[in-house]
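One structure below.
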Amino acid sequence: MKIMVQTGVKQPGRPGRVPEIELMKAVAIISMVLVHVFEMSSGIMLSSRNENIAGYMIELFGGVLSAGVFMFAMGWGAAYSKRTMPQTYLKRAFSLFILGIVINLFEEYLPAILVPDTYGPLPEILPSILATDIYFFSSLMSLYFALMKMLERKRGMTAAVSILTLAVCVYLNITIGVEAFTTGSKWLDTILGLFIRVNEYSYFPFISWFVFPIMGYWLARGYQKVSLRRALIFAFITGIEALFFAEWFIRSNRMMDATIFNVVEIEEEFYYALHPLYALAGYGIIAVEFLLVHFILKLSHGQLHPTLTTMSRNVSPIYVVQWLTIGLLSPVLANLTDIWPNILLALFVLFVSYFGGNLLKKTNLINV
Numbered sequence: 035m036k037i038m039v040q041t042g043v044k045q046p047g048r049p050g051r052v053p054e055i056e057l058m059k060a061v062a063i064i065s066m067v068l069v070h071v072f073e074m075s076s077g078i079m080l081s082s083r084n085e086n087i088a089g090y091m092i093e094l095f096g097g098v099l100s101a102g103v104f105m106f107a108m109g110w111g112a113a114y115s116k117r118t119m120p121q122t123y124l125k126r127a128f129s130l131f132i133l134g135i136v137i138n139l140f141e142e143y144l145p146a147i148l149v150p151d152t153y154g155p156l157p158e159i160l161p162s163i164l165a166t167d168i169y170f171f172s173s174l175m176s177l178y179f180a181l182m183k184m185l186e187r188k189r190g191m192t193a194a195v196s197i198l199t200l201a202v203c204v205y206l207n208i209t210i211g212v213e214a215f216t217t218g219s220k221w222l223d224t225i226l227g228l229f230i231r232v233n234e235y236s237y238f239p240f241i242s243w244f245v246f247p248i249m250g251y252w253l254a255r256g257y258q259k260v261s262l263r264r265a266l267i268f269a270f271i272t273g274i275e276a277l278f279f280a281e282w283f284i285r286s287n288r289m290m291d292a293t294i295f296n297v298v299e300i301e302e303e304f305y306y307a308l309h310p311l312y313a314l315a316g317y318g319i320i321a322v323e324f325l326l327v328h329f330i331l332k333l334s335h336g337q338l339h340p341t342l343t344t345m346s347r348n349v350s351p352i353y354v355v356q357w358l359t360i361g362l363l364s365p366v367l368a369n370l371t372d373i374w375p376n377i378l379l380a381l382f383v384l385f386v387s388y389f390g391g392n393l394l395k396k397t398n399l400i401n402v
C-alpha cells in the first residue's frame, strides 16, 4: 500500500514553491528530531546554565515551531491543491491512519519491548497503538479538507464552515478542560483522545490543534492574492499583536500553564491540550519566524541549500525513519543523564533519518 501525504507548497500565479515555508519545514524537522530524542531521555539533569539554555531551545523549537509549523504547512498545501478531489483526501485520510499505526508501533511499542522498565511494560500500554500522533491528526484534517473541497465553489460556505468549526473547537477546548474526565476504559479514552485531551496518549487532539492547519489554509488563500510586501506587513503586524496580546493576557491572569515561552516547566498535558491563547501566541511566533526566514533567504537570493530542500520535501519518510531509529536506540536513550551526548545522538538520528528517508521515498511506499 502506498502512503500518500501532500506537503507541497507551490504558489499559483508565482513560479516554484514558497521558500519561506520550505525553510520553516526544514527547521521544524531538525527541531523535531532533537526534541524527540531529548524527551526519550527522561533522566537528563540540567545542572549548568549552558545545559538549561540548550534544553530550553530544544523544547522551544521542538514545540509549536515544529508541530505547529507542520500543521500550518499542511493547510497551506491544501489551499494550493487545485486539482485534488474530495476522493483524494478521503484516500489520503485512510493512508495517514495506517501510517499513524506504523508510527505508534515504532514510537510506543518498540521502546516498551526493548526497555519495559522505562517505557512499558507492553501489556500496560497496548492502547497507545491508537495514540493521537500527528498522523492521526492529519488523517482527521484530510477528512475536513475533503469537505472543504466539496464546498469549494461556494466560497462563503467554506469560510462559514471554517469559522463555525474553529468556534466550536475553541469553546469545547475551554469548557471541557484538560484530562477532566475518563470513561473508565483506557481504550475508549484513547479513541476520544483523537478529539480532546483525555489521557497521556492524546498528543494532538483535533479541537486543540485544528487552528494551525485552518490558519495555514486561509492565509495561503490570501497570500495568493496580495503582493509579497503586503503579506510580510500582515505577518509582522498580526504576528506581533497576537504574540504580545496572548502573552500579556496569560501572564495577567496567571495562566502560566498556557504560556508558549514556559516550554521547559509546562506540564505535558497543558502543552498538548493547547489552550486557545497558547494557539494564538503560536500563530504569532510562526508569523515572526516567517518574517525572519524571509530576510535570511534574501541573503541567499531566495535559494535553499539542497539538503534543506530535500528535508522539506521528505517530511513523511524522515518522520517514519526517525521513530524507527529512536525506538531501536531506546535502550541507550533510557540511560542517558547528560544533555550533550543526547544531542550528539540526536544528530546521528537526524543523519540516519535524512538518508534513510531518501531511500524509503525511492521505494515509493511513502509518496510525498
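35 is the number of the first residue of the sequence shown in the numbering used here; add one for each residue after it.
Note that beta-carbon positions come from the ideal geometry of N, C-alpha and C, so glycine has one too.
Model, not experiment: these values are computed from the prediction.
Pull up the distance between the alpha-carbon of residue i and that of residue j, whole angstroms please.
i: ALA315; j: PHE278; result: 8 Å
i: ILE210; j: ASN296; result: 23 Å
i: THR359; j: PRO375; result: 16 Å
i: ILE208; j: ILE241; result: 10 Å
i: SER346; j: GLY256; result: 22 Å
i: TYR90; j: GLU301; result: 14 Å
i: ILE168; j: ASN348; result: 15 Å
i: VAL402; j: LEU308; result: In this prediction, VAL402 has a pLDDT of 47, which is less than 50 and means its spatial position is unreliable; what the coordinates show is noted afterwards. VAL402 and LEU308: Cα-Cα distance of roughly 28 Å.
i: SER350; j: ASN138; result: 14 Å
i: LEU68; j: ASN392; result: 19 Å
i: MET182; j: GLN121; result: 12 Å
i: MET119; j: TYR312; result: 33 Å
i: ALA321; j: MET66; result: 19 Å
i: TYR235; j: ILE352; result: 22 Å
i: THR41; j: TYR114; result: Model confidence at THR41 stands at a pLDDT of 42, short of 50, so the residue's coordinates are unreliable; what they give is reported in the following sentence. Between THR41 and TYR114, the C-alpha separation is close to 10 Å.
i: VAL136; j: GLU142; result: 10 Å
i: LEU326; j: LEU338; result: 14 Å
i: ALA265; j: GLY96; result: 26 Å
i: THR199; j: SER82; result: 45 Å
i: TYR305; j: LEU228; result: 15 Å
By DSSP, does residue i sit in helix, in strand, or in coil?
i: ARG231; result: coil
i: ARG15; result: Beyond the ends of the chain as shown, which are 35 and 402, falls residue 15; an answer cannot be given.
i: TYR305; result: helix
i: VAL52; result: coil
i: ARG255; result: helix
i: PHE295; result: coil
i: ILE63; result: helix
i: ASP223; result: helix
i: ILE320; result: helix
i: MET79; result: coil
i: LYS188; result: coil
i: ILE300; result: coil
i: GLY250; result: helix
i: VAL195; result: helix
i: PHE238; result: coil
i: ARG263; result: helix
i: GLU275; result: helix
i: PHE268; result: helix
i: GLU213; result: coil
i: PHE72; result: helix
i: PHE244; result: coil
i: SER334; result: coil
Using beta-carbon positions only, say whether residue i and residue j come within less than 8 Å of one another.
i: LEU381; j: MET74; result: no
i: PHE324; j: ALA269; result: yes
i: ARG126; j: SER176; result: yes
i: PHE171; j: TRP357; result: no
i: GLY318; j: ALA254; result: no
i: LEU384; j: ILE64; result: yes
i: MET105; j: PRO247; result: yes
i: ILE197; j: TRP110; result: no
i: LEU57; j: LEU342; result: yes
i: LEU80; j: ILE373; result: yes
i: THR166; j: PHE283; result: no
i: TYR251; j: ALA112; result: yes
i: LEU394; j: VAL354; result: yes
i: GLU213; j: VAL195; result: no
i: MET173; j: GLY134; result: For clarity, residue 173 is Ser in the given sequence; the question names Met instead. Their beta carbons are under 8 Å apart, which means SER173 touches GLY134 by this criterion.
i: VAL149; j: PRO365; result: yes
i: LEU160; j: GLY361; result: no
i: VAL103; j: ALA62; result: yes
i: ILE230; j: LEU206; result: yes
Shorter than 8 Å from the beta carbon of residue i to some beta carbon of chain C?
i: GLY154; result: Any reference to chain C falls outside this structure, which holds one protein chain only.
Item to check | Within the region 336 to 400, ranges of the alpha helix (DSSP H) (whole runs, at least 4 residues) | outcome: Complete alpha helix (DSSP H) runs here, min 4: 340 to 347, 349 to 362, 364 to 367 and 373 to 396.
Next on the checklist: Please give the ranges of any alpha helix (DSSP H) in the region 138 to 172, keeping only runs that are unbroken, at least 4 residues long and fully inside the region.
Outcome noted: With a minimum length of 4 residues, the continuous alpha helix (DSSP H) runs that stay inside the region 138 to 172 are 144 to 148 and 150 to 153.
Item to check | Any alpha helix (DSSP H) of 4 or more consecutive residues that is wholly inside the region 81 to 144 | outcome: Taking 4 residues as the shortest admissible run, the region 81 to 144 contains the following complete alpha helix (DSSP H) segments, listed from N- to C-terminal end: 83 to 95, 103 to 114 and 120 to 138.
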